[in-house]
Amino acid sequence: MKKSLVLLLFLCARVTLSAQTAADSLWFLENYTKKEVLIPMRDGVQLFTSIYAPRNNAEQHPVLLSRTPYSCAPYGEKAFRPFLSRSPYYMHYFREGYIIVLQDVRGRWMSEGEFVNVRPFNPSKQGKTDIDEASDTYDTIDWLVKNLAHNNGNVGVFGISYPGFYSTMAALSGHPALKAVSPQAPVTDWFVGDDFHHNGAFFLNDAFAFYNAFGKPRPQPTTVPPTGYDFKVHDNYKFYLEAGPLNNLAAMIGDSIQFWKDLYAHPTYDNWWKARNIRNFIKNVQPASLVVGGTFDAEDCFGAWETYKTIEKQSPTTNNRLVMGPWYHGQWAAADGTFMGNVRFGSNTSEWYQQNIEIPFFDLYLKGKGQGPNMQEAAIFFTGENQWKQFPSWPAPGMQEKAIYLQPEGGLAFSRPTIANAYTEYLSDPAKPVPYTEDVHFVRTISYMTDDQRFASRRPDVLVFQTAPLEEDLTLGGPLVADLRVSISTTDADFVVKLIDVFPDDFSYGDPPAPASHYRYTPGGYPMGGYQMLVRGEPMRGKFRNSFEKPEPFVPGKPTAVKFTLPDIAHTFKKGHRLMVQVQSSWFPLVDRNPQQFTNIYKAADKDFIKSNIRIFHDASRPSSIVLPVLH
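When we follow the numbering used here, the leftmost residue of the sequence shown carries the number 1288, and every step to the right adds one.
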């Protein structure tokens, strides 16, 4: 009876939401016009731009701009974008009379020019031919404020993911009309931590699934999307394992995709990559900044944390704020922020962000309305206790780094091990890599970021260390540092470190799960007793342990330090739960397989992939630990 009532209430809510969305959409069509224009850049290239403007001309209107490589479709002035179908809160901007502007970036879709992936910022532009995304933003804003009737001269820029990168670039444009920017999950550094590499390890599944279509050349402006690779196998683990080395995938993707060739041509953190690391250029940011991201964002979690921190460090006078919620990629803009995979948050975190942070942010800086965001400098949602916390800065004042040590017999404790000559060993076999998730999938899931890790803990090539049940809550907020002492029988290996919250065996949410709201979610109805919730996992390509620029081989059998930083976390391990650390050397097909020999992996052949005996030391002279960011 209870389950039926819950389902009925949910269905009624969906009907009500659909009816409201339909009514809002009708209002939007009746009260807004759409215009398509080609805006000239300083070098003569014209960028295709869609402008949605209110019919009400009794007042002056702010401009909210988003620049995208993903198309500002639908094309045609009679075809309106369905803004409200996924993000109903956009209705606020329309009701408030915002002019909403979408633009195809240079070289994409209907815009002229040549597209360059994460086009480098040019800090020394001299003439009209010296362009970058910052100059294109400047020229766009300049045209808008000079040509749009009834605009109030205030412009904001925002966007998620790749459009988040363009939002960061907008912050460097220097246009005086730009009053507010919000880089959301911004692409920031594609070698160290975003999307296609993490600590030099190649994120194979994401890269191939994205670039087999996105990367195809577009010689002329078009409204027709590119066709992707024809996958014959719909099990991504099987597909990528059978595909073999990366040079085989290069042949499969073809010769026309330039960025795929660039990836292979730059296997280390060279000047080509550094020019595409926008952190090197974030200085003198003038507009107010609101950086947004998800702690469980599988694509650009790193980018959000690091963009905020870089602005703080290199542009200290900027009015800079950070919001991090318990979200998948872009979930803060969705209608439902109540859960992630099997883990629930106790409230609609997306709605709280939209109503309390983003809307007041743009209303204040673009309309001079209201008091601004309901937050201190940093608003961070802590899972586990399921609470928003406010801080004057991030990492939070008072955060203390405290090492928790791997122990013999699978223990994990704050006391340093005292035993001599202790290690745990496993065999890493590239022919049987550890999967990143338990189930069979075609596309890479989003819920793996909080997935149950029991499937991995049962494998012989995954080491497991855990505490006794906690006697009191433990709240962690900030970056994790893995500080391992290892030896390997070969000359290279990956090290994947995972921090996990182990729920009590009798744990239950006590009511039916919410229906899935994203096509990449796995089904609900999961047994939560003993659940091993992934809080943070990250790989380190061993040869980059001392330098991303100059990789080094391991000396077989020699104890070696492998130390690296994982993206920040915000999580409370509740009393009665356990902390668990898992260590493994593959995470497939999320991360490509390491041949476990010191070589250029992009050119490796089948014969180069060999097994490696991996030892993780945990003794008095060679302790391995995870440095935790303890708040209380």
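All C-beta atoms in this analysis are idealised placements derived from N, C-alpha and C, irrespective of residue type, glycine included.
Since we're looking at a predicted model, the values are computed, not measured.
Name the two residues that bound the continuous alpha helix (DSSP H) containing residue i.
i: Trp1547; result: 1545–1552
i: Tyr1713; result: First-last for Tyr1713: 1710–1715, but that is the beta strand (DSSP E), not the alpha helix (DSSP H).
i: Ser1744; result: 1741–1744
i: Glu1688; result: Premise fails: Glu1688 lies in the beta strand (DSSP E), 1687–1693, not in any alpha helix (DSSP H).
i: Leu1990; result: Here the chain comprises residues numbered 1288 to 1919, so residue 1990 is not present and cannot be evaluated.
i: Leu1528; result: 1523–1530
i: Lys1433; result: 1420–1434
i: Thr1275; result: The structure shown does not extend to residue 1275, since the chain is modelled only from 1288 to 1919, so the question has no answer here.
In angstroms with no decimal places, state the Cα-to-Cα distance between residue i and residue j.
i: Phe1263; j: His1462; result: The shown model of the chain, from 1288 to 1919, leaves out residue 1263, and the question about it has no answer.
i: Ser1912; j: Lys1415; result: 53 Å
i: Tyr1920; j: Val1768; result: What the structure shows of the chain is the stretch from 1288 to 1919, and residue 1920 is not part of that stretch, so it cannot be assessed.
i: Val1749; j: Arg1741; result: 11 Å
i: Gly1659; j: Gln1642; result: 11 Å
i: Ile1814; j: Lys1862; result: Residue 1814 is actually Pro in this sequence, not Ile. If you take the alpha carbons of Pro1814 and Lys1862, they lie about 20 Å apart.
i: Val1302; j: Pro1722; result: Low confidence applies to Val1302: its pLDDT is 48, below 50, so where it sits in the model is not reliable enough to give any reading.
i: Phe1440; j: Thr1597; result: In the sequence on display, residue 1440 carries Gly and not Phe. Answer to the nearest angstrom: the Cα atoms are 28 Å apart.
i: Asp1482; j: Thr1732; result: 14 Å
i: Ile1787; j: Leu1699; result: 12 Å
i: Val1789; j: Thr1737; result: 12 Å
i: Gln1573; j: Arg1563; result: 22 Å
i: Lys1570; j: Gly1657; result: 29 Å
i: Arg1354; j: Thr1778; result: 44 Å
i: Ala1345; j: Tyr1319; result: 14 Å
i: Phe1860; j: Phe1478; result: 31 Å
i: Gln1871; j: His1858; result: 23 Å
i: Ala1494; j: Trp1560; result: 16 Å
i: Ile1903; j: Leu1821; result: 21 Å
i: Ser1899; j: Ser1358; result: 46 Å
i: Gln1694; j: Glu1688; result: 19 Å
i: Pro1242; j: Gly1824; result: The structure shown has nothing for residue 1242, since the chain only spans 1288 to 1919.
i: Lys1719; j: Ser1734; result: 23 Å
Mind checking who residue i pairs with in its DSSP beta bridge?
i: Val1442; result: Val1350, Leu1465
i: Leu1609; result: Val1578, Ala1665
i: Ile1775; result: Ile1901
i: Val1324; result: Thr1336
i: Lys1785; result: Gly1824, Gln1869
i: Met1378; result: Paired residue(s): none; Met1378 is not in a bridge.
i: Gln1507; result: According to DSSP, Gln1507 bridges with nothing at all.
i: Ala1700; result: Tyr1692
i: Gln1819; result: Val1789
i: Ala1907; result: In DSSP, Ala1907 forms no bridge with anything.
So for residue i, helix, strand or coil by DSSP?
i: Ile1447; result: strand
i: Tyr1319; result: strand
i: Arg1902; result: strand
i: Gln1601; result: helix
i: Pro1647; result: helix
i: Met1539; result: helix
i: Asp1748; result: coil
i: Leu1877; result: coil
i: Leu1298; result: Here Leu1298 scores only 38 on pLDDT, less than 50, and its place in the model should not be relied on; the value that follows carries that caveat. Of the three classes helix, strand and coil, the one that applies to Leu1298 here is helix, per DSSP.
i: Arg1566; result: helix
i: Gln1884; result: coil
i: Met1397; result: coil
i: Val1388; result: strand
i: Met1456; result: helix
i: Gly1763; result: Looking at the sequence provided, one finds Leu at residue 1763 rather than Gly. It is a strand residue.
i: Gln1677; result: strand
i: Asp1584; result: coil
i: Phe1370; result: helix
i: Ala1891; result: coil
i: Ala1591; result: helix
i: Ser1734; result: helix
i: Ala1621; result: coil
i: Gln1307; result: helix
Between residue i and chain B, is any beta-carbon pair separated by less than 8 Å?
i: Trp1559; result: Among the chains in the structure shown there is no chain B, since it carries only a single protein chain.
Can you tell me where the beta strand (DSSP E) holding residue i begins and where it ends?
i: Ala1848; result: 1847–1860
i: Phe1495; result: Where Phe1495 is concerned, there is no enclosing beta strand (DSSP E), although the alpha helix (DSSP H) it sits in stretches over 1491–1501.
Q) Is it a yes or a no for the region 1853–1871 touching the region 1834–1845, going by three-plus beta-carbon pairs under 8 Å? A) no
Q.
So, does the region 1413–1429 touch the region 1324–1334, judging by three or more C-beta pairs under 8 Å?
A. yes
Q | Stretch-stretch touch, CB-based, cutoff 8 Å, three pairs: the region 1490–1505 with the region 1588–1605 | A | no
Q) Would you call the region 1399–1408 and the region 1607–1616 in contact, with 3 or more CB pairs under 8 Å? A) no
Q. Three or more C-beta pairs closer than 8 Å, one from the region 1755–1774 and one from the region 1875–1887: is that the case here?
A. no
Q. Would you call the region 1362–1381 and the region 1453–1460 in contact, with 3 or more CB pairs under 8 Å?
A. no
Q: Say whether the region 1544–1556 touches the region 1901–1911, bearing in mind that this needs 3 or more beta-carbon pairs closer than 8 Å, one atom from each stretch.
A: no
Q: Assess, as a yes-or-no matter, whether the region 1597–1610 is touched by the region 1440–1452 under the definition of 3 or more beta carbon pairs within less than 8 Å.
A: no
Q.
Does the contact criterion of 3 or more C-beta pairs under 8 Å hold for the region 1573–1582 versus the region 1463–1477?
A. yes
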